[in-house]
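Input: a single structure, listed below in structure tokens.
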Amino acid sequence: MSKQLLINDLDKPGIQSFSGYKANGGYSALEKSLKMKPEEIVEEVKKSGLRGRGGAGFPTGMKWSFIAKPPGVPRYLVCNADESEPGTFKDRFLMEKKPHLLVEGMIISSFALGANTSYLYIRGEMMYVYHILEKAIQECYDAGLLGKNILGSGYDLDLYVHCGAGAYICGEETGLIESLEGKRGNPRIKPPFPAIKGVWQCPTVVNNVETLAAVVPIINMTGDEYAKIGIGKSTGTKLISASGHINKPGVYEIELGVPVEEFIYSDKYCGGILNGKKLKAVVAGGSSVPILPAELILKTAKGEPRLISYESLSDGGFVTGTMLGSGGFIVMDEDTSIVKNLWNFTRFYHHESCGQCSPCREGTGWMEKILHKFIEGHATMKDIDLLWDIQGKIEGKTICPLGEAAAWPVAAAIRHFRSEFEEYVKNGKKMVDVKHYYRINKLQEA
Amino acid sequence: MQSNSSGSKYSHKKNLKFSDDALALAQKIMKRYPEGKQKSAILPVLHIAQTEFDGWLSVETMDYVASILNIQPIEVYEVASFYSMFNLKPVGKCVIEVCRTGPCWLMGAEDLVKFIEKKLGITEGQTTPDGMFTLKTVECLASCGTAPMMQIGETYHENLTFDKCGTILDEYKNKGEQVSHFRTERIKHHSDIHQ
Ligand SMILES: Cc1cc2nc3c(=O)[nH]c(=O)nc-3n(C[C@H](O)[C@H](O)[C@H](O)COP(=O)(O)O)c2cc1C
Ligand code: FES
Chain A
466 MSKQLLINDL
476 DKPGIQSFSG
486 YKANGGYSAL
496 EKSLKMKPEE
506 IVEEVKKSGL
516 RGRGGAGFPT
526 GMKWSFIAKP
536 PGVPRYLVCN
546 ADESEPGTFK
556 DRFLMEKKPH
566 LLVEGMIISS
576 FALGANTSYL
586 YIRGEMMYVY
596 HILEKAIQEC
606 YDAGLLGKNI
616 LGSGYDLDLY
626 VHCGAGAYIC
636 GEETGLIESL
646 EGKRGNPRIK
656 PPFPAIKGVW
666 QCPTVVNNVE
676 TLAAVVPIIN
686 MTGDEYAKIG
696 IGKSTGTKLI
706 SASGHINKPG
716 VYEIELGVPV
726 EEFIYSDKYC
736 GGILNGKKLK
746 AVVAGGSSVP
756 ILPAELILKT
766 AKGEPRLISY
776 ESLSDGGFVT
786 GTMLGSGGFI
796 VMDEDTSIVK
806 NLWNFTRFYH
816 HESCGQCSPC
826 REGTGWMEKI
836 LHKFIEGHAT
846 MKDIDLLWDI
856 QGKIEGKTIC
866 PLGEAAAWPV
876 AAAIRHFRSE
886 FEEYVKNGKK
896 MVDVKHYYRI
906 NKLQEA
Chain B
-1 MQSNSSGSKY
9 SHKKNLKFSD
19 DALALAQKIM
29 KRYPEGKQKS
39 AILPVLHIAQ
49 TEFDGWLSVE
59 TMDYVASILN
69 IQPIEVYEVA
79 SFYSMFNLKP
89 VGKCVIEVCR
99 TGPCWLMGAE
109 DLVKFIEKKL
119 GITEGQTTPD
129 GMFTLKTVEC
139 LASCGTAPMM
149 QIGETYHENL
159 TFDKCGTILD
169 EYKNKGEQVS
179 HFRTERIKHH
189 SDIHQ
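Order-wise, the sequence lines are chains A and B.
Sequential numbering of the first sequence, starting at 466, is according to my numbering.
Sequential numbering of the second sequence, starting at -1, is according to my numbering.
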């Protein structure tokens, strides 16, 4: 098994509770941190090479060093637990199984940033996890790890959970900040970035759940040691949410650099394709990243084995590569209709567009309608070009990257699977009744 | 996104009021935000309101929430209409939310929806005549590895088959209780929720 730092001890009894977590070495990183200077913690995180695990992969230490420090103005740390990128379910898993790892990571990170109040924004649908976190936080207050003068260090911190109410856009960090302020989740124009003006116009850092959890092992083992794990600039471990047509879906913690082929076929991970079918395509980093056909996800265009790392997955740019994104790894077998799957994704983005920017609000709707023509059997060849044209007119023309998130999957599907779109046009109505998946067998099992 | 229902045909009785527990919980949550920023509590308080008042938000309910938070009613309407978890029309006691997004779709979510429609004799968006169930489809609930799945109240029902889904729905029907995202017991035991 490759190295595990986040979900390594889930089999330990009571690990969900404060006492169980503490008995297994929990909160030792916090004790260590409170004896360090905040700048030293930021320095360790910089040395670790940790990159944001929410999707964009921005270096965490650098982000922290951007936070403005005007005197007398409070600073905030906000944890992004909105997890709603289709294909991604690692944060829910981590929070449910090991809530104290996140709480510990948040206390250390708040201390490093000089925040005295921090919020944990969790999507409203995960209400049962909200209550798990409430309990974990209460246990910390009771143990003197939150509140005034934490462990006698003179440092004060209040940590609160805040629940959303169903909106993908609230995962975008400025949409999240608006939502936390009690408004619609409309993303803000940047600059100013949250590090300068975030929640209530105060300097704010927004980090993903997994990013903040990773701070704990970094402090325990030092940034230099953490940086030795993984490959090249992809340091450390990553939680991969594996779903779709595989034998063993679930959350896997991998050392960055595991070959995609091993990840899909080895019994350590996904255990191969369901029902012994052939692999058709993979969306490797959550629904927003470009889909790749089997040959390009297993090997780069240069013929090298493709690895699960930031660099290897993006090798070849968008022409032949993709992105690590959030690590939502969606596997499709040979019977999957790429066109129909794309229609499903596009419908999602249309539904979730906040509506501020015309290219995104209108463009996602047009793309959904045109794709619906394909699956209903009355699209024309020109519609393929029209789709291509529209996605190009969304990309880069919106306030937040939801525009790109909607455009990239369309571009990639046409780029790699154009013949399938043509097949839909040629066969027209005949395609409507074709069963593109056989999951109904599974649904009928007792 | 749902459309705003203010001025719609759906209404609630006048003079709504939270139970003492719900009010205490709402006030506790409001204290989590800096002085003057109580509007931030709007989403949690609307969740509580939905639990208190039959699983949906009428104009009267939203006006009441505005009065608790000391903000204008329009500020509540514009928020309530943005978020998909808020129902702006009456719903059944038990809202079935089936995930329809990519990974669940790959694993048969479409067939699962058809199965539920047939079993309950309603289509997506409708409520059964006895007022027990409303069927909704929703977007990815971060449970893609255990697809297909549905959420009812706070509970994720995962790795569904037709049989399993049928049994679960029968159980809810036998109990016949209102099921909310923010469970009534949670409101009663709000002392579990820290300051
Ligand atoms: C449409 C959209 C949705 C997003 N959803 C999430 C999300 O659910 N969780 C998350 O951590 N980041 C999400 N992000 C990324 C955040 O904007 C932000 O980059 C991230 O929270 C930063 O944390 P990190 O640096 O630790 O990754 C989303 C971005 C966009 C554009
Ligand atoms: S797609 Fe259904 S839970 Fe993610």
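Where is the CB? At the ideal position from N, CA and C, for every residue including glycine.
Owing to the predicted nature of the structure, the values given are computational and were not obtained by experimental measurement.
Output needed in chain order: residues of the segment 626 to 658 of chain A with a Cβ under 8 Å from some Cβ in chain B.
His627, Cys628, Gly629, Ala630, Gly631, Ala632, Tyr633, Ser644, Leu645, Glu646, Gly647, Lys648, Arg649 and Gly650
At 7 Å on the CB atoms, spell out the chain A contacts of B/Leu110, in chain order.
Leu908
Between A/Tyr814, A/Ile729 and A/Lys847, which has its C-alpha nearest A/Val796's C-alpha?
A/Ile729
Alpha carbon to alpha carbon, how far is A/Lys838 from A/Glu548? Give it in angstroms, no decimals.
31 Å
Looking at chain B, which residues of the segment 682 to 707 of chain A have a Cβ within less than 8 Å of any of its Cβ atoms?
Ser706 and Ala707
Under 7 Å from any heavy atom of ligand 1, does the C-beta of B/Pro71 make it?
no
With 8 Å set as the bound, which would you pick, yes or no: does the beta-carbon of B/Ala39 sit closer than that to a beta-carbon of chain A?
yes
State yes or no: is the C-beta of A/Pro539 within less than 8 Å of the C-beta of B/Pro101?
no
What is the residue span of the alpha helix (DSSP H) that A/Leu559 lies within?
Lys555 to Lys562
Quick one: list the residues of chain B neighbouring A/Glu548, beta-carbon separation under 7 Å, in chain order.
Ala140
Does chain A have any CB closer than 8 Å to the CB of B/Trp54?
no
Starting from the Cα of A/Val716, find the closest Cα among A/Lys693, A/Glu675, A/Ile694 and A/Tyr691 and give me that residue.
A/Glu675
Might you give, ordered along the chain, the residues of its own chain that have their beta carbon closer than 8 Å to the beta carbon of A/Gly737, omitting 5 neighbours on each side?
Ile711, Asn712, Ile729 and Tyr730
Specify the secondary structure class of A/Ser753 as computed by DSSP and reduced to three states.
coil
In chain B, what lies closer than 7 Å to A/His843 by C-beta?
Within 7 Å Cβ-Cβ: nothing; A/His843 doesn't reach chain B, min ~20 Å.
Would you kindly report the start and end of the unbroken beta strand (DSSP E) that includes B/Gln149?
Met148 to Ile150
Any beta carbon of chain A sitting closer than 8 Å to that of B/Ala176?
Reading the sequence as shown, one finds Gln at residue 176 of chain B and not Ala. For B/Gln176, the answer is no, since every Cβ of chain A falls outside 8 Å of its Cβ.
Between the alpha carbons of A/Cys822 and A/Asp854, how many angstroms are there, rounded?
18 Å
Assign B/Asn85 to one of three DSSP states: helix, strand, or coil.
coil
How should A/Leu471 be labelled, buried or exposed, when 16 other C-beta atoms within 10 angstroms of its C-beta is the threshold for buried?
buried
Can you tell me which of the three DSSP states A/Gly521 falls into?
For the record, residue 521 of chain A in the displayed sequence is Ala; it is not Gly. Note: A/Ala521 maps to coil in three-state DSSP.
Using the beta-carbon of each residue, which ones in chain A are nearer than 9 Å to B/Leu44?
Ala630
Spatial neighbours of B/Tyr8 within its chain, please: CB distance less than 7 Å, with the 5 preceding and 5 following residues excluded, ordered by chain position.
Ser56, Lys87 and Pro88
What's the gap between the Cα of A/Gly570 and the Cα of A/Gly514?
16 Å
Is there contact here, the segment 475 to 494 of chain A with the segment 663 to 670 of chain A, by at least three beta-carbon pairs under 8 Å?
no
Would A/Leu567 and A/Leu677 be called neighbours here (beta carbons separated by less than 8 Å)?
yes
For A/Ser549, verify whether its CB is less than 7 Å away from any heavy atom of ligand 1.
yes
CA-to-CA distance, B/Phe84 to B/Ser4, given in whole angstroms
Bear in mind that the predicted position of B/Ser4 carries a pLDDT of just 44, short of 50, making it unreliable; the figure below should be weighed with that in mind. Answer to the nearest angstrom: the Cα atoms are 14 Å apart.
Spell out whether any CB of chain A is found under 8 Å from the CB atom of B/Leu199.
The structure shown does not extend to residue 199 of chain B, since chain B is modelled only from -1 through 193, so no value can be given for it.
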